[in-house]
Amino acid sequence: MKSKAFTFFIIILFLMACGSPSVPTAYSQKDQLPAIYPDYAQVTVPVNIAPLSFEYDGQADEMVARYSVEDEDIVCNGQPPIGKWRSLAQKAKGGAITVEVYTRNGRGWTRFKPFSIFVSPDSIDPYISYRLIAPSFISYESLTINQRCLENYDECVIYDNMLCGFEAKGQCINCHHYQQYNPQRLQFHARQYQGGTVIAYDGKLKKVNMRNDSILSAGVYPAWHPWLNLIVYATDKTFQLFHTVDPNKVEVYDEESDIIAYDVETDEVTNLENSKKEFEVFPAWAPDGKTLYYCSAHFEQHDSALEKNSEVKMRFKELKYNIYRKSFNPDTRQFGPRELVFDAAARDSSATFPRISPDGRYLLFTMGHYGYFHIWHHDADLWLMDLASGIARPFTEVNSPDTESYHSWSSNGRWIIFSSRRGDGNFTRPFIAHVAEDGQASKPFELPSRNPDYHRQFMRCYNIPEFMKGPVTIRPERFARVLKGDAVDVKYVSGGL
Amino acid sequence: MKKLFTDHCSLITIISWIIALAAIACGLLVFESHYLWKVQELNLFLGTPLFLKQQMVVPAGMLTYVGTWLTQLLYYPWLGVTVLCGWWLLLLFLMKRTFAVPARWAPLLLIPVGLLLITNVDLGYWIYILKLRGHFFLTTIGTTAVVALLWGFRSLPDKYFLRAVWMVLTCVVGYPLMGIYGLAATLLMGLWAWRLMSRGRAAVYSVIATVTAVAVPLLCYRYVYHETNLANIYYAGLPLFYVTERYAQYYIPYILLALFMICMVCLPRVKQTSQKVNQSTGQQASKRKSQKVGKWIPWVEQAAVVAVVTWGVVHFWYKDENFHHEVKMQHLIDQTDWKGVLKEAAAQQDEPTRAIVMMRNLALSRLGRQGDVMYQYRNGSKRYNAPFDMRLMMVVGTLVYYQYGMLNYCNRLCTELGVEFGWRAEHYQYMIRCALLNGEKEVARKYINILKQTMFYDDWAAKAESLLDKPRLIAKDHEMEPITHMLHYSDVASGDQGYVERFLMNQLAKNSYSKDPIFQEQSLLASLWVKDPKLFWHHFSIYVSLHPNEPIPEAYQEAAYLFGKMEGRPNLDQLPFSQGVKDRFNRFYQVISQCEGMNIEDVRKRMERLHSNTFYYDYELMSKLPEY
Chain A
0 MKSKAFTFFI
10 IILFLMACGS
20 PSVPTAYSQK
30 DQLPAIYPDY
40 AQVTVPVNIA
50 PLSFEYDGQA
60 DEMVARYSVE
70 DEDIVCNGQP
80 PIGKWRSLAQ
90 KAKGGAITVE
100 VYTRNGRGWT
110 RFKPFSIFVS
120 PDSIDPYISY
130 RLIAPSFISY
140 ESLTINQRCL
150 ENYDECVIYD
160 NMLCGFEAKG
170 QCINCHHYQQ
180 YNPQRLQFHA
190 RQYQGGTVIA
200 YDGKLKKVNM
210 RNDSILSAGV
220 YPAWHPWLNL
230 IVYATDKTFQ
240 LFHTVDPNKV
250 EVYDEESDII
260 AYDVETDEVT
270 NLENSKKEFE
280 VFPAWAPDGK
290 TLYYCSAHFE
300 QHDSALEKNS
310 EVKMRFKELK
320 YNIYRKSFNP
330 DTRQFGPREL
340 VFDAAARDSS
350 ATFPRISPDG
360 RYLLFTMGHY
370 GYFHIWHHDA
380 DLWLMDLASG
390 IARPFTEVNS
400 PDTESYHSWS
410 SNGRWIIFSS
420 RRGDGNFTRP
430 FIAHVAEDGQ
440 ASKPFELPSR
450 NPDYHRQFMR
460 CYNIPEFMKG
470 PVTIRPERFA
480 RVLKGDAVDV
490 KYVSGGL
Chain B
0 MKKLFTDHCS
10 LITIISWIIA
20 LAAIACGLLV
30 FESHYLWKVQ
40 ELNLFLGTPL
50 FLKQQMVVPA
60 GMLTYVGTWL
70 TQLLYYPWLG
80 VTVLCGWWLL
90 LLFLMKRTFA
100 VPARWAPLLL
110 IPVGLLLITN
120 VDLGYWIYIL
130 KLRGHFFLTT
140 IGTTAVVALL
150 WGFRSLPDKY
160 FLRAVWMVLT
170 CVVGYPLMGI
180 YGLAATLLMG
190 LWAWRLMSRG
200 RAAVYSVIAT
210 VTAVAVPLLC
220 YRYVYHETNL
230 ANIYYAGLPL
240 FYVTERYAQY
250 YIPYILLALF
260 MICMVCLPRV
270 KQTSQKVNQS
280 TGQQASKRKS
290 QKVGKWIPWV
300 EQAAVVAVVT
310 WGVVHFWYKD
320 ENFHHEVKMQ
330 HLIDQTDWKG
340 VLKEAAAQQD
350 EPTRAIVMMR
360 NLALSRLGRQ
370 GDVMYQYRNG
380 SKRYNAPFDM
390 RLMMVVGTLV
400 YYQYGMLNYC
410 NRLCTELGVE
420 FGWRAEHYQY
430 MIRCALLNGE
440 KEVARKYINI
450 LKQTMFYDDW
460 AAKAESLLDK
470 PRLIAKDHEM
480 EPITHMLHYS
490 DVASGDQGYV
500 ERFLMNQLAK
510 NSYSKDPIFQ
520 EQSLLASLWV
530 KDPKLFWHHF
540 SIYVSLHPNE
550 PIPEAYQEAA
560 YLFGKMEGRP
570 NLDQLPFSQG
580 VKDRFNRFYQ
590 VISQCEGMNI
600 EDVRKRMERL
610 HSNTFYYDYE
620 LMSKLPEY
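Quick look at the structure:
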């Protein structure tokens with residue numbers, strides 16, 4: 000019996016050995032980098048990132064990849080196991096993992112020029128969250144806000160709109176946002192059926208009805224003060240247009256937009272910016288909590304006979320957003336006058352999504368030709384402004400010929416995550432890049448997946464990728480229960496909160 | 000197997016089942032082959048781990064997965080129907096064995112098969128909006144699983160709480176995999192316990208069954224699934240016949256199916272049989288044999304059952320003429336069989352829907368005959384025969400946008416419908432075509448690779464892949480070449496508000512591109528649709544210059560004559576209009592002058608036979624058709 004078991008064990012081991020890839024001994028050498036997807040050649044990754052799995056993007060019967068650091072290696076088919084990867088990454092910290100790719104066509108093997116994956120000693124926040132949405136414009140069946148552990152491939156749902164929405168009573172969810180990367184302090188909006196803004200604050204949950212006659216609309220794009228219970232929102236009247244021919248396919252524009260402030264504790268709101276000739280949007284706090292950045296486009300009606308929406312609809316390409324800021328005194332909660340930070344209009348462009356690095360030195364923003372919904376503009380790129388010198392430049396190290404849009408900084412300021420449509424022009428994928436103290440970025444890498452082909456098969460976009468210091472622990476069902484309940488109405492106060 | 004035949008299924012029973020199933024198969028293949036093709040197209044199966052994962056995020060995900068896998072076989076209707084009928088034969092065997100139905104009552108088992116058939120053929124326009132993938136096979140698989148689980152329950156020895164464990168496992172494992180069918184099996188076990196064991200034990204079983212059937216979905220909702228509304232957790236695996244309200248009549252076959260199962264577990268006969276099961280097998284066999292030997296099946300009773308089932312199936316079978324024309328035309332267009340589309344259009348008896356009119360006009364335009372004969376076909380705008388508001392957009396919106404070269408809108412509509420109702424083969428195909436024509440190579444490759452994961456569309460995908468980044472080949476491609484003539488719209492940023500035809504015709508009519516005669520003629524035709532003389536004259540003059548020495552189609556002549564008359568253009572009668580154009584004009588306005596004060600519907604009816612083949616009729620009487 001014992002000998003039978005032993006034989007069986009040996010056979011299993013033999014079969015396993017046969018099944019696992021090995022480095023070919025005979026091959027022809029090719030002096031070019033292998034075509035792999037995702038493109039991880041020469042990228043810089045944090046030491047705690049999940050394994051970078053990839054597939055060969057050319058014609059081959061088989062691929063073998065060898066990830067190595069000194070005498071330690073992983074030989075696999077492009078999907079390194081997590082345990083071994085961690086050990087390898089730890090060993091390569093501050094250096095690089097060398098990757099050799101071998102492909103087989105028929106009986107012959109080819110070895111490509113090896114490439115490096117540089118392992119930065121700068122770690123990255125362990126979690127990100129994002130909304131998963133198909134690149135649709137009206138339908139919003141199955142929208143989810145998900146969270147993903149960057150250290151492995153675990154992904155789970157924070158909230159799913161199907162928990163409340165039902166057929167004609169659909170529910171859109173958007174604008175998830177955290178106070179200083181804190182997963183215990185978050186907010187998101189639910190629109191239409193059982194809509195409201197959900198705010199979670201250290202275990203407490205509430206649904207807020209932000210509609211009030213004295214403000215333009217319910218809060219939209221949020222910016223939570225770094226430590227105060229104060230959220231600044233853009234409010235807007237948004238419309239969509241669909242191009243019959245233009246490759247940009249859709250335009251999203253505001254007919255009006257303002258900036259309001261909301262006190263999480265007292266549920267009071269007040270207008271901060273509500274000029275009829277300015278379309279203010281995308282507020283963002285500086286990490287010191289003393290400056291509020293936002294974008295604004297100047298728009299004056301030329302034809303009083305036309306309704307404003309009709310005129311904006313005709314002239315949407317004239318909407319050029321600049322970046323402004325207002326000083327803020329956290330003690331008195333008073334804002335100062337607005338100050339121009341970046342004059343995009345003077346460059347016949349439009350700047351959106353201002354985000355300040357945690358050290359306060361850099362302003363990262365998206366630049367496109369016009370408008371503010373750059374995710375649908377193929378020309379949109381990231382720009383970086385050194386706030387010390389006031390010099391802004393296209394962030395060429397991370398940009399691609401296609402759309403780059405929403406971005407956020409990691410809590411240590413050494414990483415950025417941003418949305419890009421460089422893969423196929425349609426589906427947004429998150430990319431991560433290392434940013435050194437001098438503002439130079441490394442080649443960005445696509446969010447790794449267990450199955451390297453996953454993002455090519457996946458039919459949804461990653462929207463608003465945000466770093467988090469840990470996972471959101473509130474169950475989706477609890478959010479649903481709150482949304483199904485009554486909302487707290489906001490109270491309008493004039494002259495500040 | 001031999002034992003199975005001799006004990007439970009006499010040869011005559013088997014033959015009668017096979018005859019019944021063959022009749023069903025013939026009925027499906029003769030009357031519904033295009034419908035079956037459409038069903039598979041709307042229920043796409045992808046052989047990827049991601050697809051499986053995406054199905055498993057809701058209860059009954061496994062059932063959906065298997066159901067969708069089987070539904071793809073309907074690509075060849077004979078194949079899908081054979082598998083379906085084969086499955087039903089299996090179900091009949093299983094039911095007969097599980098409930099120990101005597102041969103005399105075997106035809107009764109055709110009732111659930113009839114009900115399952117009805118769930119597939121009573122749908123009509125629901126197929127476009129049902130969100131439950133694989134529904135065509137799903138109910139059959141679910142019902143079979145319920146019966147199989149009941150068989151297991153009955154067969155287990157009544158000791159060591161084996162049956163109780165089986166019942167709880169049925170719910171705990173069955174609900175995530177099969178949704179409501181897992182719950183139904185559990186509850187039926189709780190009910191069957193009253194026939195299989197003492198009252199005290201049965202009561203305990205019933206309580207356990209009820210508690211698990213209530214609690215398991217709630218626990219799953221709370222801890223496992225995040226994509227199912229609390230209101231729907233007990234219906235997982237059932238199609239939701241809900242748009243803005245619930246359409247309860249579509250649940251009737253499901254309710255009858257449940258009642259049938261309840262009857263089967265409650266009938267005294269079952270009790271006797273189940274008691275026998277606990278006896279030794281030898282005794283059982285000999286007793287049953289002795290019961291059956293020499294018994295003739297009462298033909299009248301059986302015939303009555305078959306007649307009722309047949310009546311039910313025929314009665315609930317969705318027979319709308321327009322619906323069937325639409326699916327057939329879609330299938331023919333998919334095969335670029337434009338002549339076939341016209342043949343189908345010629346067979347039209349009822350007032351057509353706009354989807355039919357648009358597909359017919361498309362076929363006429365592809366064959367270069369639209370200006371000559373389009374008014375010879377019946378026009379109209381019949382409401383889609385569905386209990387909810389069905390829209391042209393949902394039926395042929397993507398097809399029409401693509402065929403008319405409005406690629407951004409085709410792509411958008413594919414995405415919207417894919418998000419709302421699930422990605423379908425049609426969506427991927429149109430998005431691939433749009434991407435190829437737009438030169439969006441990478442996104443085309445993405446969709447092609449996805450479609451390669453199908454069993455029957457991989458060849459199509461491979462062919463599309465051969466066109467990647469090859470505009471010359473695209474321009475020569477039999478199917479795509481006509482579209483290349485339609486890519487001349489000027490860019491307009493607006494919206495269709497869901498009215499595909501109106502939007503398209505307005506865009507075409509307002510376009511002024513004149514270098515491609517095919518596109519230009521469509522602009523002219525659109526100006527007839529919008530009935531705008533100014534736009535007509537603009538396009539007509541270009542048309543005439545682009546087609547020198549060619550006869551001008553009658554429809555354009557009629558429009559020119561009518562608008563010329565309306566505007567009082569001088570010397571109109573000296574222009575080379577055909578005599579028929581003038582005669583028809585005179586006859587039409589002579590008759591219509593006698594209809595003053597009449598309801599427009601009555602005028603239409605009165606003039607349809609003799610005048611509906613003219614632009615005059617279209618202009619005067621068909622201008623305010625309802626839009627769906």
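Protein chains in written order, with numbering that gives the first Met the number 0: chain A, 0 to 496; chain B, 0 to 627.
For glycine and all other residues, C-beta sits at the position ideal for the given N, C-alpha and C.
Locate the alpha helix (DSSP H) running through residue i, then write down its first and last residues.
i, result
"GLN333/A", "Unbroken run through GLN333/A is the beta strand (DSSP E), 333-341; no alpha helix (DSSP H)."
"TRP68/B", "60-70"
"ASP617/B", "614-620"
"TRP16/B", "10-41"
Kindly indicate if chain A contains any beta-carbon less than 9 angstroms away from that of residue i.
i, result
"HIS484/B", "no"
"GLN271/B", "Because the pLDDT of GLN271/B is 43, which lies under 50, any placement of that residue in the model is unreliable, and the question is left without a value."
"THR47/B", "yes"
"GLY494/B", "yes"
"ILE355/B", "no"
"HIS225/B", "yes"
"SER489/B", "yes"
"ARG221/B", "yes"
"PHE44/B", "no"
"ASN384/B", "no"
"TYR241/B", "yes"
"ALA230/B", "yes"
"GLN452/B", "yes"
"ARG444/B", "yes"
Indicate whether at least one CB of chain B lies closer than 9 angstroms to the CB of residue i.
i, result
"GLN191/A", "no"
"PHE165/A", "yes"
"ARG428/A", "no"
"ASP138/A", "In the sequence as displayed, the identity of residue 138/A is Ser instead of Asp. Chain B, which has a Cβ nearer than 9 angstroms to the Cβ of SER138/A, makes this yes."
"GLN239/A", "yes"
"MET62/A", "no"
"GLY370/A", "no"
Across which residues does DSSP place residue i in a beta bridge pair?
i, result
"PHE466/A", "ILE127/A"
"ASP509/A", "The question about residue 509/A has no answer, for chain A in this structure spans 0 to 496."
"HIS406/A", "PHE417/A"
"ARG428/A", "SER419/A"
"ASN570/B", "Note: ASN570/B sits in no beta bridge, so no partner."
"TRP382/A", "PHE364/A and PRO393/A"
"GLN170/A", "GLN191/A"
Taking residue i as part of the beta strand (DSSP E), name the residues at either end of that continuous run.
i, result
"LYS533/B", "Segment 532-545 is the alpha helix (DSSP H) holding LYS533/B; no beta strand (DSSP E) there."
"ARG392/A", "390-393"
Is there at least one non-hydrogen atom of the ligand SAH closer than 8 angstroms to the beta-carbon of residue i?
i, result
"TYR627/B", "This structure lacks the ligand SAH; in fact it carries no ligand of any kind."
Discussion item. Contact between the segment 122-132 of chain A and the segment 459-469 of chain A is defined here as three or more beta-carbon pairs at a separation below 8 angstroms; is this criterion met?
Written reply: yes
Discussion item. Under 8 angstroms, with one C-beta from each stretch per pair, do the segment 171-185 of chain B and the segment 55-69 of chain B reach the 3-pair mark?
Written reply: yes
Worksheet item: Using 8 angstroms as the Cβ pair cut-off and three pairs as the minimum, do the segment 111-121 of chain A and the segment 40-47 of chain A touch?
Response: yes
Discussion item. When you compare the segment 321-331 of chain A with the segment 292-308 of chain A, are there three or more beta-carbon pairs, one atom per stretch, that lie closer than 8 angstroms?
Written reply: Touching, per the Cβ criterion.
Practice prompt. Counting only runs of 3+ residues fully inside the segment 15-82 of chain A, write out the beta strand (DSSP E) ranges in chain order.
Written response: 42-45, 61-68 and 71-75
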